[in-house]
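Okay, so here's the structure we're looking at.
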Amino acid sequence: MSILRKRLYDFNIDWGLFIVIAILLILGIVMTYSSSAVKGMLYYDNKYHFFFMQLLWVAMGLVAMAVAAGMDIRLLWRWAKVLFIVSLVLLLLVKVPGLGRSVNGANRWIGLGPLSIQPSEVIKIAMVVIAAKVLTQTKDFHVFRKGMLPTLLIMGLVCGLVMLQPDLGTTLVIAATVCIMLVVAGARVKHLVLLGGAGVGLMTMAILAAPYRMKRIFAFIDPWADPSGNGYQTIQSLLALGPGGLFGLGLGQSRQKFLYLPENHTDFIFAMIGEELGFIGGCFVILLFFLFIWRGFRLAMHVREPFMSLLAVGLTSLIGVQAMVNMGVVSGLLPVTGITLPFLSYGGTSLIFTMIGAGLLLNISREL
3 MSILRKRLYD FNIDWGLFIV IAILLILGIV MTYSSSAVKG MLYYDNKYHF FFMQLLWVAM
63 GLVAMAVAAG MDIRLLWRWA KVLFIVSLVL LLLVKVPGLG RSVNGANRWI GLGPLSIQPS
123 EVIKIAMVVI AAKVLTQTKD FHVFRKGMLP TLLIMGLVCG LVMLQPDLGT TLVIAATVCI
183 MLVVAGARVK HLVLLGGAGV GLMTMAILAA PYRMKRIFAF IDPWADPSGN GYQTIQSLLA
243 LGPGGLFGLG LGQSRQKFLY LPENHTDFIF AMIGEELGFI GGCFVILLFF LFIWRGFRLA
303 MHVREPFMSL LAVGLTSLIG VQAMVNMGVV SGLLPVTGIT LPFLSYGGTS LIFTMIGAGL
363 LLNISREL
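Structure below.
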């Protein structure tokens, strides 16, 4: 505890990264209120319901981020396996009757009274930690069995369990993050090409195995072919982004928040930003994530310890890839997936664990 207190009062962190995180959080709070006021009145007779809940999640996230930034990060090296095993157990618990909760046909939550925990958010951090440790211990990337295979087996186990929920979006984010870590760690190009081909094949099989995923692909190709069904979210998202124009309709002036665009304060909050703050507002958010990625990779390049360097790469990629996938979905560049926009979307487990990841990055910055 004394070490934690000492580190918490040590403000030698990457302030540029911290400021970017703070701006994203503030913008998320503002846009959560603006996009959810109508739903708050309709379902809770209180237009501030989601706003106050988001303030609570942010407050909890700030505490979690401070602890992550103040802890001895070398503990992650020692406890990586334990963290990973606990995360796997949580991931399995979503399938336990009476404990796991199903929403829209997906078993992604564990119910704890009025609260819910999403284990896939926990496993994302655990996957980055265990991958960083395994890759740091890898000495020979020229031999596939000794180089990439251990990390790929761990990733395959995690992605397989996440797909059982089912959650293709999170699976793709985890797989992309681990692949980036492999590249940075020094994996051979030949092995990476083979991995990419296998990944495309497995993803194709996953899509073909589930009719609803095929429908999403068709809706992605031509959303107007089924405007009231699978293409509805994409169309409404584009109808939010389009009228926003260059400067937007103005804060609080969204039309799509009047129950036209589903999940407008969670998965599709970027559409609300585009509608109310316009092209300028959307570009500002993209710039903030670009700055986040730049500061994160800058940490990775300058920190001396290989484990911390790979950990920084993984945490930065995890948040950066998820942000790009979310914004790609909202703008119609990718098929619809159920993942949030880091720091900005309304949410509990997702926001808190994103902030834990950010806290670990700030922790690593103290080593420079």
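Using our numbering, you'd call the opening residue of the sequence shown number 3 and step up by one each time. Each residue gets a CB set at the ideal place from its N, CA and C atoms; glycine is no exception.
Taking M205 as reference, the option from G171, L370 and N232 with the minimal CA-CA separation is G171.
Rounded to whole angstroms, the separation of the alpha carbons of E123 and L174 is 13 Å. About 7 Å separates the Cβ atoms of L261 and V40, confirming a contact at the 8 Å cut-off. C-alpha of F355 to C-alpha of G63: approximately 8 Å in a straight line.
Pairing Q120 with S352 gives a Cβ-Cβ distance under 8 Å.
The region 305-316 makes no contact with the region 264-281, as fewer than three CB pairs between them are under 8 Å.
When rounded, the separation of the alpha-carbon atoms in K135 and L240 is 42 Å. Beyond the five residues adjoining it in sequence on each side, M157 comes within less than 6 Å, by CB distance, of V180 in the same chain, given in chain order. Here I28 is exposed: its Cβ has fewer than 16 other Cβ atoms, across all protein chains shown, within 10 Å.
Separation of F299 and M55 (C-alpha to C-alpha, rounded to the nearest whole angstrom) is 32 Å. If you check the CB distance, F281 and G244 do not come in under 8 Å. In the structure shown, R76 adopts helical secondary structure according to DSSP, grouped into three states.
By the criterion of a C-beta distance shorter than 7 Å, E277 is surrounded in its chain by A242, L243, P245, G246, G250, L251, S256 and Q258, once the five residues flanking it on both sides are discounted. The C-alpha of A221 lies about 5 Å from the C-alpha of G233. Burial state of W59 is buried, judged by a 10 Å Cβ sphere holding 16 or more other Cβ atoms. Classified as buried, M67 has 16 or more neighbouring CB atoms from the shown chains inside 10 Å of its CB.
Contact between K126 and I176 holds: CB atoms are separated by about 6 Å, below the 8 Å threshold. In the DSSP annotation of this structure, S118 is not part of any alpha helix (DSSP H); the continuous beta strand (DSSP E) holding it starts and ends at L117 to I119. The beta carbon of L312 sits closer than 7 Å to the beta carbons of A134, L137, T138, M183, V186 and A187 from its chain, once the five residues preceding and following it are set aside; these are given in chain order.
With 16 or more other Cβ atoms from the protein chains shown falling within 10 Å of its own Cβ, L85 counts as buried. According to the DSSP assignment, Y262 belongs to no alpha helix (DSSP H), since it is labelled neither H nor E. In the DSSP assignment, H304 falls within the unbroken alpha helix (DSSP H) covering I271 to H304. In the same chain as I237, and ignoring 5 residues on each side of it, the C-beta atoms closer than 6 Å to its own belong to P225 and P229, in chain order.
Of all alpha-carbon atoms in L301, V332 and V202, the one lying nearest the alpha-carbon of L364 is that of L301.
Bridge pairing for W111: R103 [DSSP].
Taking a contact as a CB-CB distance under 8 Å, the pair E369 and M329 does not count as one, their CB atoms being some 31 Å apart.
Between the C-alpha atoms of L90 and M357 there is a straight-line separation of about 21 Å. Around the beta carbon of G198, a 10 Å sphere encloses fewer than 16 other beta carbons of the protein chains shown; the residue is thus reported as exposed. Within a 10 Å sphere around the beta-carbon of P99 sit fewer than 16 other beta-carbons, which makes this residue exposed.
Annotation: P229 is outside any alpha helix (DSSP H) and is labelled neither H nor E by DSSP. Judged by DSSP secondary structure, M357 falls within the alpha helix (DSSP H) whose first and last residues are T351 to S367. Rounded to the nearest whole angstrom, the C-alpha separation of V131 and F291 is 22 Å. Taking every protein chain shown into account, the CB of I321 has 16 or more other CB atoms within 10 angstroms, so this residue is buried.
For R190, the three-state secondary structure derived from DSSP is coil. Across the set G18, M129, Q235 and N14, the C-alpha of M129 shows the shortest separation from the C-alpha of W79.
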